[in-house]
Amino acid sequence: MPGGVRLPVTNLRKVFWPEGNITKGALLRYYVAVAPYLLPGVADRPLVMKRFPNGIAGKAFYQQRAPDTVPEGVRVARVEGDTDVPARLVGGSLATLLHMAQLAAISQDPWFSRVQSPREADHAAIDLDPGDGVPFSRVLDTARWVRDELEGIGVRGFPKTSGADGLHIYIPLEPGTPYEAGRLFCQIVATIVARKHPRVATVERSVRHRGRTVYVDYLQNIEGKTLACAYSARASDYAGASTPLAWEEIDRGLDRRDFTIRTLPARIEKIGDLWAGLRQARGANLLAVERRIRW
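So that you can map any letter, position 161 of the sequence shown is 1404 in my numbering, and since no number is skipped, the others follow by simple counting.
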């Protein structure tokens, strides 16, 4: 570890993904490989753990609070105004990333805001979640429609696979943007897409009333809610990894199962860090954008 930090790890041969016989040790090695690209996306952000002590086939549980004791280099902080959780793990260091994997937290699930400014989201996100039996091609169609609506009002969207069944589209925001503004903006875009394409897309919150559609979810844009970050491993049966995409890939069509913890390091080496564009992009001024939206 950098700086001579030593991090205890155990049970490296425990199988986390039965399909493919992928172990906890493989997860740790994966995170070491992608850390230079993943860590900037979680730096200074509170993290929520979903732990799978017996792998994805066993029972999982959520953990909001940081462990009472952590190894050297693992960052813990109290979030201002967070009265329910005394201290949280905070992303940005390799030690924190690997310690969470040691605790069987497979994915990295950060807030959209930082500990320094917990009420202000750095980005908003639209989560495209297909219902049972919905082909992935419909998710790709819905992503294109979201992109078209964003481009029509001069806003850039950055897509990535969820690492499970769907896609995430992130929108960079101007500094100081409150969560509520990002949520309202995504609600408007999602509603427009659902109204224009009602046979494919929906904003219906009730799962049983959605039918065979793609849920265009804008409700992750709330303080304390999370999505798996770019390059995060996921507890999907195929050991998916949340993979940044170029829009050209979505236009051509793709298979979500091609993007896994086994394939992603080589992809990054070949095409680079596509998620750097989100961090470097100028954030959308939602007050100015609002004037360009047509319902």
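For glycine and all other residues, C-beta sits at the position ideal for the given N, C-alpha and C.
Taking the Cα of residue 1462 as reference, the smallest distance to any Cα among 1379, 1401, 1433 is reached at 1433.
Looking at the DSSP output, residue 1293 sits in a beta bridge with 1305. Contact between the region 1302-1309 and the region 1359-1368 is not established, with fewer than three Cβ pairs separated by less than 8 angstroms. Across the structure, residue 1508 and residue 1276 are spaced so that their CA atoms are roughly 7 angstroms apart.
Residue 1342 and residue 1267 have their alpha carbons spaced roughly 12 angstroms apart.
Excluding five sequence positions before and after residue 1324, the CB atoms of its chain that fall closer than 7 angstroms to its own CB belong to 1361, given in chain order. The distance from the Cβ of residue 1398 to that of residue 1527 is about 5 angstroms, consistent with a contact at the 8 angstroms cut-off.
Exclusion of the five residues before and after residue 1295 leaves 1259, 1301, 1303, 1347, 1349, 1478 as the residues of its chain whose Cβ lies within less than 7 angstroms of its Cβ. Per the coordinates, the alpha-carbon of residue 1505 lies some 15 angstroms from the alpha-carbon of residue 1404. As DSSP reads the structure, residue 1469 sits in no beta bridge.
If you draw a straight line from the Cα of residue 1356 to the Cα of residue 1494, it is about 31 angstroms long. Per DSSP, residue 1271 lies in no beta strand (DSSP E); the unbroken alpha helix (DSSP H) holding it starts and ends at 1267-1285. In the same chain as residue 1333, and ignoring 5 residues on each side of it, the C-beta atoms closer than 8 angstroms to its own belong to 1287, 1288, 1289, 1290, 1318, 1319, 1320, 1339, 1358, in chain order. Boundaries of the alpha helix (DSSP H) harbouring residue 1422: 1422-1439, taken from the DSSP string.
Cβ contact annotation for residue 1376 (same chain, cutoff 7 angstroms, sequence separation greater than five): 1455, in chain order. Collapsing the DSSP output to three states places residue 1262 in coil. Here residue 1497 is not near residue 1402, since their CB atoms are 8 angstroms or more apart.
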